[in-house]
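There are 2 protein chains.
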Amino acid sequence: MSASVTSRALDLLGAFDTDHRQLTLSALARRAGLPLATAHRLVGELCRWGALARLESGEYVIGRRLWDLGLLAPVQAGLRQAASPFLHDLYGATLVTVHLAVRDGCEVLYIDRLSGHVSVPVVSKVGSRLPMHATGVGKVLLAHAPEPVRAEVLGKLTRVTPYTITQPARLLDQLRRVRAEGFATTGEEMSLGACSVAVPVRGPVGEVVAALGLVVPDLRRERARLVSALQVAAQGISRVLASAQWK
Amino acid sequence: MSASVTSRALDLLGAFDTDHRQLTLSALARRAGLPLATAHRLVGELCRWGALARLESGEYVIGRRLWDLGLLAPVQAGLRQAASPFLHDLYGATLVTVHLAVRDGCEVLYIDRLSGHVSVPVVSKVGSRLPMHATGVGKVLLAHAPEPVRAEVLGKLTRVTPYTITQPARLLDQLRRVRAEGFATTGEEMSLGACSVAVPVRGPVGEVVAALGLVVPDLRRERARLVSALQVAAQGISRVLASAQWK
DNA sequence: ACTTGCCTTCCATTGGACGGAAGGATCACC
DNA sequence: GGTGATCCTTCCGTCCAATGGAAGGCAAGT
Chain P
1 MSASVTSRAL DLLGAFDTDH RQLTLSALAR RAGLPLATAH RLVGELCRWG ALARLESGEY
61 VIGRRLWDLG LLAPVQAGLR QAASPFLHDL YGATLVTVHL AVRDGCEVLY IDRLSGHVSV
121 PVVSKVGSRL PMHATGVGKV LLAHAPEPVR AEVLGKLTRV TPYTITQPAR LLDQLRRVRA
181 EGFATTGEEM SLGACSVAVP VRGPVGEVVA ALGLVVPDLR RERARLVSAL QVAAQGISRV
241 LASAQWK
Chain C
1 MSASVTSRAL DLLGAFDTDH RQLTLSALAR RAGLPLATAH RLVGELCRWG ALARLESGEY
61 VIGRRLWDLG LLAPVQAGLR QAASPFLHDL YGATLVTVHL AVRDGCEVLY IDRLSGHVSV
121 PVVSKVGSRL PMHATGVGKV LLAHAPEPVR AEVLGKLTRV TPYTITQPAR LLDQLRRVRA
181 EGFATTGEEM SLGACSVAVP VRGPVGEVVA ALGLVVPDLR RERARLVSAL QVAAQGISRV
241 LASAQWK
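Heads up: the protein sequence lines correspond to chains P and C, in order.
For the first sequence, the tail end lands on 247 under UniProt numbering, and the numbers increase by one without skipping.
For the second sequence, the tail end lands on 247 under UniProt numbering, and the numbers increase by one without skipping.
Spelled out as structure tokens, the structure:
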């Protein structure tokens with residue numbers, strides 16, 4: 001299938017992921033399923049253009065030009081920079097890990113993360129994707145997702161920790177409350193020792209465009225304070241988004 | 001020249017920049033110098049792969065997959081996340097715009113920026129490049145750059161504001177002091193009303209890998225405090241970088 | 001010295017990219 | 001409703017440029 005010449009180059013790029021940030025030529029060829037000679041030539045072109053770069057070690061890595069390009073993606077172009085100051089404020093006020101995430105298909109995509117030195121260890125990384133049913137931001141986004149998405153996610157609720165919610169009925173019930181109360185919580189459902197709170201970030205016409213969340217070791221005592229801090233920040237972001245001409 | 005099939009696709013990607021984040025098919029073709037039919041086919045492939053995405057309006061933008069990929073670039077992979085908590089601390093301690101930058105050829109490339117609501121308006125954006133001789137981080141990086149780079153930069157010191165340093169001798173003198181004193185400053189040399197301080201960030205073997213800077217409206221009163229805050233942060237980053245196994 | 005793993009270059013073959021042309025859709029203006 | 005602009009999409013015969021096997025060169029490991 002495929003094998004269109006362009007897609008070969010793309011297959012090469014696709015060989016990189018979080019676990020494979022640097023690859024030798026042959027590893028690259030192997031992972032992309034291309035003959036060595038072909039890979040060699042394509043990689044050469046990609047390097048010349050700046051999509052890849054070669055380390056002194058001879059291994060290849062993603063180049064600066066792709067990094068540049070990535071920054072232009074609308075995933076974050078508007079949202080991320082609008083949110084940035086509010087994330088800092090939020091961090092300053094709470095001193096815990098702050099997350100900004102959007103829905104990508106049936107997963108949560110982390111757009112930005114802000115954490116200090118002394119935070120709960122968390123799984124998320126900027127650019128990584130996690131299941132929606134086991135994270136705070138995920139629940140928020142799921143609660144406001146179109147029906148077909150919700151159906152698909154409810155279809156396979158994979159267990160991550162002993163506390164992960166795997167019964168569709170129970171999750172549905174929670175989602176209803178998320179919509180009613182305006183925030184979602186989790187308790188060690190994604191990783192042990194980590195709880196989270198999250199609220200929706202709304203766009204100009206009230207639609208949910210992202211979710212803003214905090215990760216803390218324990219939720220019971222501070223919930224109210226955290227939720228209100230989150231809501232202040234979320235509203236601030238919405239305000240900026242609305243006024244940003246969406247140029 | 002070029003015209004290799006792969007590079008056509010890359011030319012299409014190259015048609016995007018900060019001023020052109022969304023393009024129609026024909027604009028894309030025009031900017032890339034390709035026949036419409038060809039562009040159409042290639043863009044189709046790029047979309048299918050996720051390198052581009054199509055808005056409801058019909059315009060094309062950089063897709064999420066490229067955003068993902070960009071995050072893997074070593075420009076920031078290690079540096080940026082190592083620095084992140086320290087940038088926040090620094091912001092918390094000073095409440096002014098914080099910059100993290102590296103040298104890219106003969107320019108300064110901004111890797112990360114952190115600014116609150118109430119800061120001096122600054123030109124820089126993450127992913128953007130500015131001249132080295134007119135910015136604080138630029139002077140730091142230039143002071144520790146290899147000789148040929150320094151020579152080239154000194155060759156054309158373009159004027160940006162009335163205060164921009166355009167005499168090679170004077171800049172050289174400043175660079176010497178930057179190396180001696182361990183920090184650089186600017187006074188409205190890049191944009192009026194903005195001054196800056198910056199210090200080097202050193203890697204495991206003492207080489208300068210990045211620069212850390214602050215932008216403030218006025219430097220005179222607080223210089224000492226800002227410099228020491230910067231140095232604490234820079235040392236912290238270096239420490240993390242060194243211990244990070246450089247996996 | 002032999003093997004096994006990398007990377008690089010060459011070049012004859014051929015299959016898939018190319019792009020002109022034609023068709024459709026949507027606007028705006030007369 | 002006609003006319004002209006500007007956009008997007010599809011088709012298909014030509015032909016050229018990507019392909020990848022083969023051969024050669026390093027460098028390490030046994």
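Note that CB positions come from ideal geometry on N, CA and C, so glycine has one too.
So, is residue i buried or exposed, given that buried needs 16 or more other C-beta atoms within 10 angstroms?
i: valine 205 (chain P); result: exposed
i: alanine 180 (chain C); result: exposed
i: methionine 1 (chain C); result: Residue placement at methionine 1 (chain C) is poorly supported in this model, since its pLDDT is 43, which falls under 50; the coordinates still yield a value, given next. Exposed, since its Cβ has fewer than 16 Cβ neighbours within 10 Å.
i: leucine 97 (chain C); result: According to the sequence provided, residue 97 (chain C) is threonine. The question's leucine does not apply to it. Threonine 97 (chain C) is buried by the Cβ-count criterion.
i: lysine 139 (chain C); result: buried
i: glycine 193 (chain C); result: exposed
i: alanine 169 (chain C); result: exposed
i: histidine 88 (chain C); result: buried
i: residue 251 (chain P); result: Past the boundaries of the shown model lies residue 251 (chain P); chain P is included only from 1 to 247, so the question cannot be answered.
Taking the alpha-carbon positions, what's the residue i to residue j distance?
i: leucine 141 (chain C); j: arginine 220 (chain P); result: 48 Å
i: glycine 203 (chain P); j: valine 209 (chain P); result: 6 Å
i: serine 243 (chain C); j: valine 197 (chain C); result: 27 Å
i: alanine 224 (chain C); j: glutamine 231 (chain C); result: 11 Å
i: lysine 247 (chain P); j: valine 216 (chain C); result: Annotation note: pLDDT 39 at lysine 247 (chain P) (below 50); position unreliable, no value reported.
i: aspartate 68 (chain P); j: glutamate 59 (chain P); result: 21 Å
i: tyrosine 110 (chain C); j: serine 26 (chain C); result: 32 Å
i: alanine 211 (chain C); j: valine 199 (chain C); result: 6 Å
i: residue 267 (chain C); j: leucine 28 (chain C); result: Here chain C has residues from 1 to 247 only, and residue 267 (chain C) is not among them.
i: valine 108 (chain C); j: proline 74 (chain C); result: 16 Å
i: isoleucine 62 (chain C); j: threonine 18 (chain P); result: 20 Å
i: aspartate 112 (chain C); j: leucine 175 (chain P); result: 36 Å
i: glutamine 245 (chain C); j: arginine 239 (chain C); result: Any reading at glutamine 245 (chain C) needs caution, since the residue's pLDDT is 46, under 50, leaving its predicted position unreliable; the model's value is listed next. Spanning the two alpha carbons is a distance of roughly 11 Å.
i: leucine 90 (chain C); j: alanine 233 (chain C); result: 7 Å
i: valine 201 (chain P); j: glycine 236 (chain P); result: 9 Å
i: glycine 213 (chain C); j: histidine 99 (chain C); result: 5 Å
i: histidine 133 (chain P); j: glutamine 22 (chain P); result: 32 Å
i: leucine 171 (chain C); j: leucine 71 (chain C); result: 35 Å
i: threonine 24 (chain P); j: alanine 53 (chain P); result: 12 Å
i: valine 122 (chain C); j: cysteine 195 (chain C); result: 10 Å
Using a Cβ cut-off of 8 Å (strictly closer), state whether residue i contacts chain P.
i: tyrosine 91 (chain C); result: yes
i: aspartate 112 (chain C); result: no
i: alanine 77 (chain C); result: yes
i: arginine 239 (chain C); result: no
i: threonine 94 (chain C); result: no
i: threonine 18 (chain C); result: yes
i: serine 115 (chain C); result: yes
i: residue 301 (chain C); result: For chain C, the structure presents residues 1 to 247; residue 301 (chain C) sits outside this window and is missing.
i: glycine 58 (chain C); result: no
i: alanine 9 (chain C); result: yes
i: glycine 182 (chain C); result: no
i: glycine 193 (chain C); result: no
i: aspartate 104 (chain C); result: yes
i: leucine 42 (chain C); result: yes
i: leucine 13 (chain C); result: yes
i: glycine 206 (chain C); result: no
Can a CB atom of chain C be found closer than 8 Å to the CB of residue i?
i: proline 35 (chain P); result: no
i: isoleucine 165 (chain P); result: no
i: threonine 6 (chain P); result: yes
i: leucine 45 (chain P); result: Correcting the residue identity first, residue 45 (chain P) is glutamate in this sequence and not leucine. Output row for glutamate 45 (chain P): interface = yes.
i: proline 85 (chain P); result: yes
i: proline 74 (chain P); result: yes
i: glycine 70 (chain P); result: yes
i: glycine 63 (chain P); result: yes
i: histidine 88 (chain P); result: yes
i: alanine 211 (chain P); result: no
i: alanine 51 (chain P); result: yes
i: leucine 214 (chain P); result: no
i: valine 232 (chain P); result: no
Every unbroken beta strand (DSSP E) within the stretch 121-171 of chain C, with a cutoff of 3 residues, ordered by chain: Correct list: 129-131.
Unbroken stretches of the beta strand (DSSP E), 3 residues or longer, contained in the UniProt domain "HTH iclR-type" (3-64) of chain C: With a minimum length of 3 residues, the unbroken runs of beta strand (DSSP E) contained wholly in the UniProt domain "HTH iclR-type" (3-64) of chain C fall at 52-54 and 60-62.
Contact the stretch 157-168 of chain P vs the stretch 187-195 of chain P: 3+ CB pairs below 8 Å: Three or more Cβ pairs closer than 8 Å define a contact, and the stretch 157-168 of chain P meets that threshold against the stretch 187-195 of chain P.
Contiguous beta strand (DSSP E) assignments of at least 3 residues, all confined to the stretch 60-108 of chain C: Runs of the beta strand (DSSP E) inside the stretch 60-108 of chain C: 60-62 and 97-104.
Segment contact, 8 Å Cβ cut-off, at least three pairs: the stretch 98-108 of chain C with the stretch 118-137 of chain C: A contact is defined here as three or more CB-CB pairs under 8 Å, and the stretch 98-108 of chain C meets this definition with respect to the stretch 118-137 of chain C.
Continuous beta strand (DSSP E) assignments of at least 3 residues falling wholly in the stretch 169-193 of chain P: With a minimum length of 3 residues, the continuous beta strand (DSSP E) runs that stay inside the stretch 169-193 of chain P are 184-187.
Three or more C-beta pairs below 8 Å linking the stretch 73-91 of chain C and the stretch 49-56 of chain C: No: fewer than three Cβ pairs fall under 8 Å.
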